[in-house]
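K.L.:
Here you go, one structure.
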Amino acid sequence: MNLTQQQIKQLQSLRILHVEDDQSIHHQMNVIIGRYCPNLEWAANGEEALYKFSHAHKFDLIISDIRMPKLNGVELVTKIRKASVHQHIIITSSTEDTQHIISLINLGVNHFIAKPIDFKSLLKYILDFSQYQNYQKDMEAKNQELRAAVEQLELASGQLARSQRIASLAQLVTGIAHELNTPIGNCITMCTYVDDGIREIEHKFKEGNITKPEFKNFVSTGRESLSFLNHNLNKASALIRIFKQLSIEENIEDRHSISMESLFSDLKSSYLDRMMAADIHFDTLANVDRNILTYPETLKQVISNIIQNAVDHAFSHSDPPSGSPDAPHKDDIKENLDRKSITLLAVIEGHELKISISDNGQSMDQELQEKIFNPFFTTARNMGNIGLGLTVAYNLVQNKLRGQLNCASNQDTGTCFTLHLPLSVQDTE
Numbered sequence: 004m005n006l007t008q009q010q011i012k013q014l015q016s017l018r019i020l021h022v023e024d025d026q027s028i029h030h031q032m033n034v035i036i037g038r039y040c041p042n043l044e045w046a047a048n049g050e051e052a053l054y055k056f057s058h059a060h061k062f063d064l065i066i067s068d069i070r071m072p073k074l075n076g077v078e079l080v081t082k083i084r085k086a087s088v089h090q091h092i093i094i095t096s097s098t099e100d101t102q103h104i105i106s107l108i109n110l111g112v113n114h115f116i117a118k119p120i121d122f123k124s125l126l127k128y129i130l131d132f133s134q135y136q137n138y139q140k141d142m143e144a145k146n147q148e149l150r151a152a153v154e155q156l157e158l159a160s161g162q163l164a165r166s167q168r169i170a171s172l173a174q175l176v177t178g179i180a181h182e183l184n185t186p187i188g189n190c191i192t193m194c195t196y197v198d199d200g201i202r203e204i205e206h207k208f209k210e211g212n213i214t215k216p217e218f219k220n221f222v223s224t225g226r227e228s229l230s231f232l233n234h235n236l237n238k239a240s241a242l243i244r245i246f247k248q249l250s251i252e253e254n255i256e257d258r259h260s261i262s263m264e265s266l267f268s269d270l271k272s273s274y275l276d277r278m279m280a281a282d283i284h285f286d287t288l289a290n291v292d293r294n295i296l297t298y299p300e301t302l303k304q305v306i307s308n309i310i311q312n313a314v315d316h317a318f319s320h321s322d323p324p325s326g327s328p329d330a331p332h333k334d335d336i337k338e339n340l341d342r343k344s345i346t347l348l349a350v351i352e353g354h355e356l357k358i359s360i361s362d363n364g365q366s367m368d369q370e371l372q373e374k375i376f377n378p379f380f381t382t383a384r385n386m387g388n389i390g391l392g393l394t395v396a397y398n399l400v401q402n403k404l405r406g407q408l409n410c411a412s413n414q415d416t417g418t419c420f421t422l423h424l425p426l427s428v429q430d431t432e
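Shown next, in the form of structure tokens:
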């Protein structure tokens, strides 16, 4: 392979750990890859590799076999991922490792190389990785320069509000990239694995030595792979739909007149099954004697996001508190303190429409309340939540409905989100 001086320099700077119990394979690795990557270390088993990972300097790349004594590849990657979600890992595998490969994909392994190893392809991947890492370092340096410039601008202009918007945008962009990287990366990895499987079965077919069990296993693995791809593509599509909601331009809607009673009725109908499944009592009261000229679908989305947040979090760990929800109420809303409940109430106070969404579930401390509207903040990421529901709601209230969204929570009363929407902007009729 003809390499430029810049490429050679990039490869020489990489620190690589090769985990392989077959010394002959490592010898080939050392001869072929070590020629370009002098910082290539060897671990004869998973236990030795874990020790080097924990005590040695940072490795840019870990290349590991699956079947090894003491700690196999799945166990090794599991322990590495607990310490670092960003460690770049390549797995060398044979066709018998199907179930292990699926487990490793779920653990976020970056790439798979089929055995026997095509060292030319491996070297090309390492070169691509080194160029990508070099690009990242350049971007980090540029980001540091940018941050320094922003800091100087802050000191010179004193525009704190502007600096906060820049920080929020950076957080949002980083979060979006991170969330999309997982399903898309999974799809790329799986496509590579499927492609290797197809090449192997095609070769055996041409040679005329494919067996019925091998073909049956290929079909079964293919179906599992397609299911995995479909799941991750649907996840990426769903994430993109959520991200688009952050843009006001994506929420194109004409204002028109609507009764709050009708809007609440629609919400109650749409959440009826979910509330029944979660054993939550859902009550509404629209104490508004006029129609409101507003953006109904936008307002409905805001309230829906807050309701869903309550369903997901308010009753997940604790019983309802002893008090009643900290929200305005009327005599015809009858509280039952022994059951879980979510209550919607709309009233007109002065020149604003006030809508409260309250629950009698577990409360949030002050530190948590200060973070709930931040992009990608969630306490339930292990359940698949990405932490954008309340961010979208807050953004729509501020920028589309021109109002305010507040949250109050304590142990005695549960949690109450309150929308303050100015009637002077909405024009009641």
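Using this note's numbering, read the sequence shown as starting at 4 and increasing by one per residue. Idealized CB from N, CA, C, for every residue including glycine.
Run the CB neighbour count on Leu64, radius 10 Å, all protein chains shown included, and call it buried at 16 or more, exposed below.
P.N.:
Taking the first residue of the sequence shown as position 1, residue 64 is located at position 61. It counts as buried.
K.L.:
From the DSSP output, in three-state form, read off Val153 for me.
P.N.:
Counting from one through the sequence shown, the residue named residue 153 turns up at place 150. Helix.
K.L.:
So within the segment 180 to 267, which uninterrupted alpha helix (DSSP H) runs reach at least 4 residues, ignoring any that extend past its ends?
P.N.:
DSSP runs (the alpha helix (DSSP H)) wholly in the segment 180 to 267: 215 to 247.
K.L.:
Under the three-state reduction of DSSP, which class applies to Leu20: helix, strand or coil?
P.N.:
What you label residue 20 is simply residue 17 of the sequence shown in a count that begins at 1. Looking at Leu20 - three-state DSSP - the assignment turns out to be strand.
K.L.:
Using C-beta distances below 8 Å, list every residue in its chain close to Ile336, excluding the 5 sequence neighbours before and after it, in chain order.
P.N.:
For this step, residue 336 is matched to residue 333 along the sequence shown. Legend: pLDDT at Ile336 = 40, less than 50; position of this residue unreliable, value from coordinates given subsequently. Taken in chain order, the residues that qualify are Asp286, Leu288, Thr346 and Leu348.
K.L.:
Using beta-carbon positions only, say whether Leu371 and Leu424 come within less than 7 Å of one another.
P.N.:
One-based indexing of the sequence shown puts residue 371 at position 368. One-based indexing of the sequence shown puts residue 424 at position 421. No, these two residues do not count as a Cβ contact at 7 Å.
K.L.:
Do Gly392 and Phe318 have their beta-carbon atoms positioned less than 7 Å apart in this structure?
P.N.:
Against the sequence shown, residue 318 aligns to sequence position 315. Against the sequence shown, residue 392 aligns to sequence position 389. Going by C-beta atoms, Phe318 is not nearer than 7 Å to Gly392.
K.L.:
Tell me the rounded alpha-carbon separation between Leu43 and Glu78.
P.N.:
By 1-based counting over the sequence shown, the position of residue 43 is 40. By 1-based counting over the sequence shown, the position of residue 78 is 75. Approximately 22 Å, taken between the alpha carbons.
K.L.:
Quick check: Asn48 and Asp24, are their CB atoms within less than 7 Å of each other?
P.N.:
Against the sequence shown, residue 48 aligns to sequence position 45. Against the sequence shown, residue 24 aligns to sequence position 21. Yes.
K.L.:
Ordered along the chain, which non-local residues of its own chain (more than five positions away) have a Cβ less than 6 Å from that of Asp322?
P.N.:
Here the question's residue 322 lines up with position 319 in the sequence shown. Reliability fails at Asp322, whose pLDDT of 46 lies under 50, so the model's placement of it is uncertain and the value that follows must be treated cautiously. Counting only Cβ-Cβ distances below 6 Å, and skipping sequence neighbours, we find nothing.
K.L.:
Which runs of the beta strand (DSSP E), 3 residues or longer, sit entirely within the segment 350 to 374?
P.N.:
With a minimum length of 3 residues, the continuous beta strand (DSSP E) runs that stay inside the segment 350 to 374 are 355 to 362.
K.L.:
Measure how close the beta-carbons of Ile1 and Phe267 come, nearest whole angstrom, since I'm counting them as under 8 Å.
P.N.:
Look at the range of the chain in this structure, 4 to 432, and you will see that residue 1 is not part of it.
K.L.:
For Ile243, count the other beta carbons within 10 Å of its own beta carbon; 16 or more makes it buried, fewer makes it exposed. Which is it?
P.N.:
Locating residue 243 in the sequence shown gives position 240, where the first residue counts as 1. That one is exposed.
K.L.:
For Pro323, which three-state DSSP category applies?
P.N.:
Working through the sequence shown from its first residue, we reach residue 323 at position 320. Any reading at Pro323 needs caution, since the residue's pLDDT is 43, under 50, leaving its predicted position unreliable; the model's value is listed next. Here Pro323 sits in coil by DSSP.
K.L.:
Going by alpha carbons, who is nearest to Asn290 out of Ile351, Glu300 and Gly111?
P.N.:
As a working note, residue 290 is residue 287 in the sequence shown. Cα-wise, what sits closest to Asn290 is Ile351.
K.L.:
Should Thr418 go down as buried or exposed, given a rule of 16 or more other Cβ atoms within 10 Å for buried?
P.N.:
Here residue 418 corresponds to residue number 415 of the sequence shown, with the count starting at 1. Buried, since its Cβ has 16 or more Cβ neighbours within 10 Å.
K.L.:
Would Ile92 and Val112 qualify as a contact pair, given that the criterion is a beta-carbon distance under 7 Å?
P.N.:
Translated into the one-based positions of the sequence shown, residue 92 becomes position 89. Translated into the one-based positions of the sequence shown, residue 112 becomes position 109. Yes, the Cβ-Cβ distance between Ile92 and Val112 is below 7 Å.
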